[in-house]
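J.: Once you've had a glance at the structure underneath, I'll fire off some questions.
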Amino acid sequence: MAIFDKFQQLAAARKEIAQNCNSFFNIVMEEIISGTEAVVNGRPTILAGSNNYLGLSFDSGCIEAACEAARKEGTGTTGSRMANGTFSGHVALERELAEFFKRQGAIVFSTGYIANLAMLSTLVGPGEIILLDADCHASIYDGCRLAGAEVHRFRHNDPQDLEKRLRRLEKRNTNILVVVEGLYSMMGDRAPLADIVAVKEKYGAYLLVDEAHSLGVLGANGRGLAEEAGVEDEVDFVVGTFSKSLGAIGGFCVSNHPELNLVRYASRPYVFTASSSPSVIASTRKALQLLKTRTELRQRLWENANMLYQKMQNLNFLVGPEPSPIVAVRLKGKAEAFALWSGLLEHGVYVNLVLPPATPDGNCLLRCSVSAGHTPEQMERICQAFTAVRELTAVPQAV
Ligand SMILES: Cc1ncc(COP(=O)(O)O)c(C=O)c1O
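See below:
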């Protein structure tokens, strides 16, 4: 058997998609016009699938901070955090994150993916147990694999199912880490965090919340779902990313556990990869400041989110359970999904087309995400595009 033979099924699936939706694999942002618009297939296109929730990727202060850092400190650190790759900016950002989240400690990682890989693989190991929500992100699943711990899934957003499993595992008398997300990345629904906290406390388990999509989006100060739900003190570890509301790239974990720093010495994804470049750290620090001070961005984000969610409901599309900056349209068949996605692109709107097995419940998804940076005109054009494709296709009405 040749080395690529195992990809035959994948190649066939790819071919089927390419035949039915020929631009799916060829999307290139040919020219970036702004945080919410790019040239795609030679046409100006509104970006309604990016996770640029606060629209900060084009903030002039963030860009200036990045340029200045590159001029002063170079384009890259060319080393791991553990060796030559910790610059004063990394340490300052860790201090600022700890302060913002009101926690004792913070660790900055090179991406959000690496943050989950690092934290999960270090916190739990063989003989210990991870209990994760079934809809958790791939980085959490991959962290579980690297951990070598026993992994159990509980039903999505079902604290009773979590409790049932904790009750069964209680007699094992080992460390159990429960893992959930703040806002789930596919359907944009919140975790029932207060109930999950109550259950994990009852059984003496630890809790890690990935606030990748909720940082800057939820909570009176933008600290995420734990803040909104009033349970920050009960969450042992908050993981997040700089690649969404902070408009850059990178990841972090904050915690009140005094031993958090030990993760730095035990975590392969921390030790064996280069640290973030100075420009990324500088723009992230600036973005964090803006997240704190420019509260009108969060307000604008939610106005846009509520508007699109309402519009989708009016058009009778099947959307997620609650309004959120992630508005996911559920479609049963690939044919409809391809037709709608292509139609939206022709109308100058890019959204994410997500196909099973990457989706919950085996549905196809048109996953839209709105930004505080979307202007009223852009929001109107997104709504018009959905109205147009709704009329153009024979998609069955949602029930
Ligand atoms: C819930 C969740 N966690 C972690 C990540 C990884 O973050 P990053 O893309 O910044 O590496 C993502 C990315 O989409 C995510 O949705």
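Numbering (this note's numbering), first residue to last: 430 to 828. Virtual Cβ for every residue (Gly too), placed ideally from N, Cα, C.
Mind checking residue 633: buried by the 16 CB within 10 Å criterion, or exposed?
T.: exposed
J.: Quick one: which unbroken alpha helix (DSSP H) runs of 4-plus residues sit fully inside the segment 548-614? Chain order, please.
T.: Listed in chain order, they are 567-576 and 588-598.
J.: Along the chain, where does the beta strand (DSSP E) that runs through residue 482 open and close?
T.: From DSSP, residue 482 is part of no beta strand (DSSP E); its letter is neither H nor E.
J.: Relative to ligand 1, is the shortest distance from any of its heavy atoms to the C-beta of residue 724 smaller than 7 Å?
T.: no
J.: Put residue 617 into one of helix, strand or coil per three-state DSSP.
T.: coil
J.: Suppose you measure from the CA of residue 434 to the CA of residue 449; what does that come to, to the nearest Å?
T.: 24 Å
J.: Measuring alpha carbon to alpha carbon, tell me which residue in 563, 658, 578 and 746 is nearest residue 550.
T.: 578
J.: Select from 815, 688, 718 and 712 the residue whose C-alpha is nearest the C-alpha of residue 746.
T.: Per the C-alpha coordinates, the member of 815, 688, 718 and 712 positioned closest to residue 746 is 815.
J.: For residue 462, name the three-state secondary structure that DSSP assigns.
T.: Correct three-state label for residue 462: strand.
J.: Please name the residue, chosen from 544, 784, 800 and 768, that lies closest to residue 817 on a Cα-to-Cα basis.
T.: 768
J.: Taking the alpha-carbon positions, what's the residue 670 to residue 790 distance?
T.: Here the alpha carbons of residue 790 and residue 670 stand approximately 26 Å from one another.
J.: Pairs of beta-carbons, one from the segment 560-571 and one from the segment 509-524, closer than 8 Å: are there three or more?
T.: Contact fails: fewer than three Cβ-Cβ distances are below 8 Å.
J.: For residue 530, collect the residues of the same chain with a Cβ closer than 7 Å to its Cβ; drop the 5 residues on either side in sequence, then sort them by chain order.
T.: 652, 667 and 683
J.: Is the CB-CB distance between residue 797 and residue 756 below 8 Å?
T.: yes
J.: Under 8 Å, do residue 560 and residue 585 count as touching if we go by C-beta distance?
T.: no
J.: Which residue comes first and which comes last in the beta strand (DSSP E) that contains residue 781?
T.: 781-783
J.: Do the segment 466-482 and the segment 773-786 touch if we need at least three Cβ pairs shorter than 8 Å?
T.: Yes: the two stretches touch, three or more of their Cβ pairs being nearer than 8 Å.
J.: With a threshold of 8 Å, are at least 3 pairs of Cβ atoms found where one atom belongs to the segment 624-641 and the other to the segment 454-465?
T.: no
J.: Quickly, what does DSSP pair residue 680 with across the bridge? List them, please.
T.: 538 and 670
J.: Mark residue 828 as exposed unless 16 or more other C-beta atoms lie within 10 angstroms of its C-beta, in which case mark it buried.
T.: Confidence at residue 828 is low in this model, with a pLDDT of 41, below 50, so the placement of that residue is unreliable and no value is reported for it.
J.: CB of residue 670 to nearest heavy atom of ligand 1: below 7 Å?
T.: yes
J.: So, for residue 447: in the same chain, excluding its five sequence neighbours on each side, which residues have a beta-carbon less than 8 Å away from its beta-carbon?
T.: 453 and 454
J.: What's the call for residue 563, buried or exposed, on a 16-neighbour Cβ count within 10 Å?
T.: exposed
J.: Please confirm whether any heavy atom of ligand 1 lies closer than 7 Å to the CB of residue 551.
T.: no
J.: Should residue 399 be listed as close to ligand 1, given that the test is whether its C-beta is under 7 Å from any heavy atom?
T.: Shown here, the chain extends from 430 to 828; a query on residue 399 therefore has no answer.
J.: Would you mind listing the alpha helix (DSSP H) stretches within the segment 702-739 that are 4+ residues and don't spill past its ends, in chain order?
T.: 707-722
J.: So is the beta-carbon of residue 639 under 7 Å away from any non-hydrogen atom of ligand 1?
T.: Short note on residue 639: C-beta closer than 7 Å to some heavy atom of ligand 1.
J.: Looking only at C-alpha atoms, which of 491, 441, 472 and 431 sits nearest to residue 677?
T.: 491
J.: Quick one, which of 672, 612 and 690 has its alpha-carbon nearest residue 654's?
T.: 612
J.: Helix, strand or coil: which one does DSSP assign to residue 818?
T.: helix
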